[in-house]
Amino acid sequence: MKPIYPAQLIDTSFSTPKAAKKLLCLLALVFAVYAGAYSYLRAQLNEEVSIRRGYMNAALTQTQGFFVNQQVLLKSLSLSLIDASTAARSSIRPLPAEQVSIRLGSTPDNWSLVLTQRMLAYLREHNVKLLHVAQDGETDTSWLTTTHTAPEPLPRSLLQRLRARQTSQGVAENAWCLADPRNAALYIFTYLDSANPALGWLGLQLQTADLLAAAQHEKAGDFMLFDERGRLVISSATERQTPARMRLSAGSYFGWEGEHWLPDRLVIRKRLEYSQWQMAYSLELRTLLPALSSSLFFCLALCALATALMDYLVRRIDHGLIVPAANRLNALIESEAFNSAVIETAPVALCVLRRSDAEVVLENALSQRWLGNGQSRKQRCCTWIGRAFDGTDTGNSDEFETDDGRQLYLSFTPTRYHGEDVLICAFSDISARRHVERALEQARRAADEASEAKTLFLANVSHEIRTPLYGVLGTLELLGRTALSAQQKGYLTALEGSSKNLLHIISDVLDVSKIEAGQLSLELIIFSPIQLVQEVIHDYADAAQSKGLHVFACIDPQLPYQVKGDLPRIRQILSNLLSNAVKFTEHGRIVLHARLESREDERAMLQWQVVDTGKGIAPEDQHHLFDPFFQARCAPHIVAGTGLGLAICQRLMHLMNGQLQVVSEPGLGTSVTLCLPLEQVNEDPSAPWARPLLGESLYVVSPVQELSESIAGWLRRWGAKATVGVPKNAAPAASAVLVELQPGMVEPPSVSDWSGPRVIACAVAQATGLASQRCWQVNLNDLQALNHAVRLAQNPQHDELAADAEAAALRLDLRVLLAEDNVISQLILRDQLKELGCSVVVASDGVEALALWQAEPFDLILTDINMPNLNGYELTQALRQHGCSIPIIGATANALQGEGERCLAAGMDHCLTKPFTLRALYQCLHTQARRTP
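Residue numbering for the sequence shown follows UniProt numbering, starting at 1 and increasing by one per position.
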């Protein structure tokens, strides 16, 4: 029994054995994202640092060059010094006029600086400040190249440092730098004579602006100059960004510096030549961030995403695993008591059986009361355990009767409980259900017997009615082929219509019986959809014309001549639709459209559409049109039918995998469309449906445009050059034929000035023609007659030959053996066969027919099915056993399912259902006779 937990269930994605692996993989993925972001950002930073280092090195080189140039200048000037006392003793010639001697100091033995006038002018022009400092610098310090007011004297501290440098370092170093702390000026000094340092120094003052200009580099950072003690001398940075002191190293240095755990700046240092001073460039860390902004943003976004993912995982683990697990633990504690209460109060008997000894581990009161404690219970428990655990029986249920006569249904399943195999069993009392099932079974049998009796009764009634009805219809059909007056033809038409309506009602009732009994099936044959449309229109033309309605068909010229399907069922649907259209239409017209909707592989989708201009169907009635016995509301003078027609049509349509659609608007009319997929067949070239026409001009005129287009399409299919309408400007050719289509009664010609051949097709006309008047009149709904009339209009000489050929084609010239016990049917069949040009020998039963076949030769045998002494099945089997190979056709009034199959199984070649028309008999005999060798 599955407990119901009040807490949230554990997320299955974290409750499986792979949950730890999933978590580790996700955690590794998050750390990998962090590591990747760090590596990527570090690589971008290193790349930027490498670029900046190149800029710093270039700036250092540039600044180093500035100092070197100044040192070289000072060195070159020191080489222009001469000793005045030595020069006097050596009787040196006086200096030329372009040279200038500048005495250093006031004593006679001082040195002199010899410069050219141009050199001196250059030094003054470029503000090169050259000075001389005697050994006693406090008393004798002079500026040599300045022309303006003498600068301030050197500070005492600078002079002291100069003398201290001499005493501490000797004379090995010939150039060094000193700084004036008062005005941040720089000085480069060298000895007048390195061999005699006591003579003093020659110095060069460096301008801070010149130095900063030389050290300025846009991308190298801030420039700083430090003395030998690491004190800042000059800096291009602000005071806040400049360190007061710097740890000096022996060589060059490049790296990060700062007072915190995160470095503040990137520094590069290098020692000045000829000095212990050091140059440095410093880049603040924040100045590197703009170049790394895109990379930094990407890494931050990636890390934020990873952080969000980690937060989501933590929340999901907590929400989907930790919290539910805690709740489930609490729920499990409650479920033990709850399960016990459920088992005890359940309306079914529950028990748990131990596999090892078949003892009861747990059960409720119903189980104890229903199963008892006898030996029979022990045996049943062992049987159930064996079935559940040995694997030989796949069922997990059982039904049995207890000792007190109670019917129980058992459902069991093996499981584990408290560490051992158990079988949990649930018992329900089905005594009342079994009683109801027995009652329902008896009721079903009674209903089946009643349905079978009803079907048998309807079949017998249908058989008994069809036999005399066949006599009526056959007699009327034969009577119609005799010479009758117009009044007699009217009476005959009324009789035929009433007889057909009676046949339709009988067929509908029998079809309902077949549908209820599940005996309705399809009988597929090859038929012509064009001929089907024409026949259906012909059947209802008289009824429609008696009400003043125009009824005609618009047949698609692309429609195939032959397809395969259940012709009687399709005819039944179309007849029902046309019957309803005629019944509920008071004025206007009824049009039957037949179209080829599509072709696919071996199937052709055909569409029939019946459109009328009747009163229409109310929307509330349209939902019930296909309900059996439903009758839409109609005018009082309209006699409603049985209400079975559309219901049967829908069943037949579903049986043929078709579609039936109704569109109706009250006051405008109704359109019913039937779509059926039918099998395509190869058309029989030996039985041409229509003959080709001459490729001459034909003009089609009609008050109905769609009718004109349809007929013109057929004329073009037959080879003629058909055009809708008559040309007004050009004169028609002499061989042109005018085809007038009149959906109603025959009216005066619409083209009165036409002098050529004329074919008039109207709804009430028969195939007539007057060659002398060059006018032929045919039925509008008979395409074959129209084809024949147009051929005659194109070539009148074919009229007599065609009539002779048609008359010869209707004569079968067969010798037929007719086996029929009903006298009326004998007369009708004999006359029908003679009408088809056959000679007939009649036998009253199967025994007589067998004897006649043995005595005389026949081309074909037509036998009734239900005959005394020897019925049609037995007669056929006997004939086949005696070597009879001629066609045998059965005729039966039994329309139940399987009758045709039984006939074919007995050895017959075909089966006709009474009543059948002369046309149907001719087609059957003609087809079977052609198959006879």
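Just so you know, even glycine gets a beta-carbon here, dropped at the ideal spot from N, CA and C.
- Per DSSP, the continuous alpha helix (DSSP H) segment holding glutamate 535 begins and ends at 529-546.
- Between leucine 288 and glutamate 48, the C-beta gap is smaller than 8 Å, which places the two residues in contact.
- Inside the stretch 546-602, DSSP marks whole alpha helix (DSSP H) runs of 4 or more residues at positions 567-583, from first to last along the chain.
- Closest by C-alpha distance to serine 112, out of Leu104, Arg118, Ala280, is Leu104.
- With contacts defined as CB atoms closer than 8 Å, serine 397 and leucine 408 fail to qualify as a contacting pair.
- At least 8 Å separates the beta-carbon of leucine 792 from that of leucine 678.
- Beyond the five residues adjoining it in sequence on each side, serine 575 comes within less than 8 Å, by CB distance, of His504, Val536, Asp539, Tyr540 in the same chain, given in chain order.
- Going by DSSP, proline 324 is part of the alpha helix (DSSP H) stretching over 323-345.
- With contact defined as three or more Cβ pairs closer than 8 Å, the stretch 860-875 and the stretch 814-831 are in contact.
- For proline 677, the secondary structure class from DSSP, reduced to helix, strand or coil, is strand.
- The DSSP-derived three-state label of phenylalanine 297 is helix.
- Taking the Cα of alanine 306 as reference, the smallest distance to any Cα among Val30, Leu24, Ala731, Ser579 is reached at Val30.
- Under the three-pair Cβ rule at 8 Å, the stretch 222-241 counts as touching the stretch 266-283.
- Taking every protein chain shown into account, the CB of proline 868 has fewer than 16 other CB atoms within 10 angstroms, so this residue is exposed.
- Comparing C-alpha distances from glycine 474 to each of Leu27, Thr917, Gln923, Ala28 shows the shortest one belongs to Thr917.
- Nearest neighbour of phenylalanine 66 by Cα position, chosen from Asn822, Thr673, Leu212, turns out to be Leu212.
- In the DSSP secondary-structure assignment, glutamine 659 is bridged to Cys675.
- The bridge partners DSSP lists for threonine 415 are Val422.
- Take leucine 120, set aside five residues on each side of it, and the residues of its chain with a beta-carbon closer than 6 Å to its own are Val100, in chain order.
- The residue among Glu452, Gln928, Asp421, Arg406 with its C-alpha nearest the C-alpha of arginine 433 is Arg406.
- Boundaries of the beta strand (DSSP E) harbouring serine 112: 111-116, taken from the DSSP string.
- The Cβ atoms of serine 282 and alanine 237 sit closer than 8 Å to each other.
- For glutamine 777, the enclosing beta strand (DSSP E) starts and ends at 775-779.
- For aspartate 210, the enclosing alpha helix (DSSP H) has its first and last residue at 208-215.
- Looking at the backbone, the Cα of leucine 476 and that of glutamine 742 are separated by about 29 Å.
- Taking the Cβ atoms as the reference, glutamine 488 lies roughly 22 Å from alanine 763, outside the contact range of under 8 Å.
- Under the three-state reduction of DSSP, tryptophan 718 is assigned to coil, being neither helix nor strand.
- Straight-line spacing of the CA atoms in glutamate 856 and alanine 849 works out to 10 Å.
- One alpha carbon belongs to serine 735, the other to arginine 758, and they sit about 11 Å apart.
- Residue burial is scored here from C-beta neighbours: serine 235 has at least 16 other C-beta atoms within 10 angstroms and is therefore classed as buried.
- With fewer than 16 other Cβ atoms inside 10 Å of its own Cβ, proline 96 counts as exposed.
- Leaving aside the five residues that flank aspartate 556 on each side, the residues in its chain whose CB is nearer than 7 Å to its CB run, in chain order, Ala594, Arg595, Leu596.
- DSSP, read as helix, strand or coil, puts glutamate 399 in strand.
- Taking C-beta atoms as the reference points, valine 563 and valine 681 count as a pair closer than 8 Å.
- For aspartate 448, the secondary structure class from DSSP, reduced to helix, strand or coil, is helix.
- Boundaries around histidine 132 are those of the beta strand (DSSP E), 129-133, since no alpha helix (DSSP H) includes it.
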